[in-house]
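Protein chains in written order, with my numbering: chain W, 1 to 173; chain D, 1001 to 1163.
Cβ atoms here follow ideal geometry from the backbone N, Cα and C, with glycine treated the same way.
Following: one structure in structure tokens, then a few remarks.
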């Protein structure tokens, strides 16, 4: 998995960590309690969010020819991938875990990507009213990154990425 | 138990309660871990030289079989100390095994080292680390030092011992 931590560990192979590398890890580790608390709050909000989004998703899913509930489930399950990126302090992880798979789905089903991005914006608006301020601060860059990533137009390289399992419910029902 | 590495495995799930507890505990210990790494770096040369001097007494015939054995011994002990420090810093014993310890044991086997030779050598190393660092630092390193002794000496007796 490509993220700053794994890159740092690989780059330091055969030698001790430099002071800068060790400090980067220490600062990250010290931020973990807040990150873990924010992830827990998102986990606790997942069912609530699915309910909130249900009415928003219904007309969109209908327009895209998808069943509402499986799509909502797939969508809310991507929140754990967003939590993972936030926990690891690396927005770019979302390129592979959320943005590329959804772009593949959009390409396959002829869904406008920007409408998928809009769903993340709507989800974030709902969540940001429910989460505590510290969690909002931690999660904001990740929801923004996902929404922007889906709304951007140049996804040629991402479209080549194989679709992960979480999209299958939307495709097979 | 892993800490930061655990986060790599999440993706489709959230951290469990145990994982959260472990990572929170790690967060509170990371500065002490960094201080321990830095302390070990400072005494590394002394520890290894003391250890090799003792092994020379215990195994006077070693050079007959391994012409540059002491130079290589210094390099091997330095490598293992540096990697165990990294693994302790990351709270990731698996990293230590995967990246260096398993590989080093294979090399040692090919040199016809005996289990007793490796147990003696790395027990001396462990004792010298204990003598040279603060108790708090030793406490963090001890599981890795003990594991090194046990893991490296867990090899079959060679047909022709060369120690």
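CB of residue i within 8 Å of CB of residue j, strictly
| i | j | result |
| --- | --- | --- |
| residue 41/W | residue 110/W | no |
| residue 39/W | residue 83/W | yes |
| residue 1132/D | residue 1037/D | no |
| residue 61/W | residue 68/W | yes |
| residue 1115/D | residue 1157/D | yes |
| residue 1030/D | residue 30/W | yes |
| residue 89/W | residue 149/W | no |
| residue 1091/D | residue 1003/D | yes |
| residue 210/W | residue 85/W | This structure leaves residue 210/W out entirely; chain W is present only between 1 and 173. |
| residue 104/W | residue 145/W | no |
| residue 1221/D | residue 1101/D | The structure shown does not extend to residue 1221/D, since chain D is modelled only from 1001 to 1163, so the question has no answer here. |
| residue 1163/D | residue 1059/D | yes |
| residue 75/W | residue 53/W | yes |
| residue 1122/D | residue 1079/D | no |
| residue 1155/D | residue 1126/D | no |
Chain-ordered chain W contacts of residue i [CB-CB under 8 Å]
| i | result |
| --- | --- |
| residue 1024/D | 32, 33 and 36 |
| residue 1089/D | 17, 22 and 25 |
| residue 1012/D | 77, 80, 81 and 166 |
Between the CA atoms of residue j and residue i - distance to the nearest angstrom
| i | j | result |
| --- | --- | --- |
| residue 17/W | residue 34/W | 25 Å |
| residue 1083/D | residue 1095/D | 9 Å |
| residue 24/W | residue 65/W | 47 Å |
| residue 1141/D | residue 1085/D | 7 Å |
| residue 1072/D | residue 1118/D | 14 Å |
| residue 1016/D | residue 1005/D | 14 Å |
| residue 4/W | residue 55/W | 38 Å |
| residue 1066/D | residue 1051/D | 17 Å |
| residue 126/W | residue 43/W | 14 Å |
| residue 102/W | residue 13/W | 35 Å |
| residue 106/W | residue 1024/D | 39 Å |
| residue 1013/D | residue 79/W | 9 Å |
| residue 15/W | residue 21/W | 12 Å |
| residue 7/W | residue 1026/D | 21 Å |
| residue 163/W | residue 108/W | For residue 163/W, the predicted structure reports a pLDDT of 41, less than 50, and the residue's modelled location is therefore unreliable. A value from the coordinates is still provided. Using only the alpha carbons, I get a separation of about 10 Å. |
| residue 156/W | residue 1138/D | Below a pLDDT of 50, predicted positions are generally treated as unreliable, and residue 156/W, at 44, falls in that range; the measurement from the model is reported next regardless. Spanning the two alpha carbons is a distance of roughly 53 Å. |
| residue 1054/D | residue 1087/D | 27 Å |
| residue 70/W | residue 1106/D | 51 Å |
Proximal residues to residue i (C-beta, below 6 Å), its chain only, five neighbours per side dropped
| i | result |
| --- | --- |
| residue 130/W | 45 |
| residue 1089/D | 1033 and 1037 |
| residue 151/W | 114 and 117 |
| residue 81/W | 97 and 98 |
| residue 1047/D | 1128, 1129 and 1132 |
| residue 135/W | 38 and 41 |
| residue 173/W | Note that residue 173/W scores 32 on pLDDT, short of 50, meaning its location in the model is unreliable; the coordinates nonetheless yield the value given after this. Here the set comprises 67 and 70. |
Neighbourhood of residue i by C-beta, 8 Å cutoff - its chain only, sequence neighbours within 5 removed
| i | result |
| --- | --- |
| residue 87/W | 32, 35, 36 and 39 |
| residue 48/W | 130 |
Residues that residue i contacts on chain D, provided the C-beta gap is smaller than 8 Å
| i | result |
| --- | --- |
| residue 16/W | 1037, 1041, 1082, 1085 and 1086 |
| residue 97/W | 1011 |
Partners in chain D for residue i, counting only beta-carbon separations shorter than 9 Å
| i | result |
| --- | --- |
| residue 11/W | By Cβ distance, chain D contributes nothing, its closest Cβ being about 12 Å from residue 11/W, past 9 Å. |
CB contact check: residue i to chain A, cutoff 8 Å
| i | result |
| --- | --- |
| residue 1030/D | Going by chain labels, chain A is absent from the structure shown, which instead holds the protein chains W and D. |
Cross-chain neighbours of residue i in chain D, by beta carbon under 7 Å
| i | result |
| --- | --- |
| residue 135/W | By Cβ distance, chain D contributes nothing, its closest Cβ being about 13 Å from residue 135/W, past 7 Å. |
| residue 5/W | 1004 |
| residue 84/W | 1007, 1010 and 1011 |
Same chain, Cβ closer than 7 Å to residue i, neighbours up to 5 away in sequence not counted
| i | result |
| --- | --- |
| residue 1081/D | 1040 and 1044 |
Closer than 7 Å at the beta carbon, the chain W residues around residue i
| i | result |
| --- | --- |
| residue 1045/D | Result: empty, since nearest Cβ-Cβ is about 14 Å, beyond 7 Å. |
| residue 1027/D | 29, 30, 32 and 33 |
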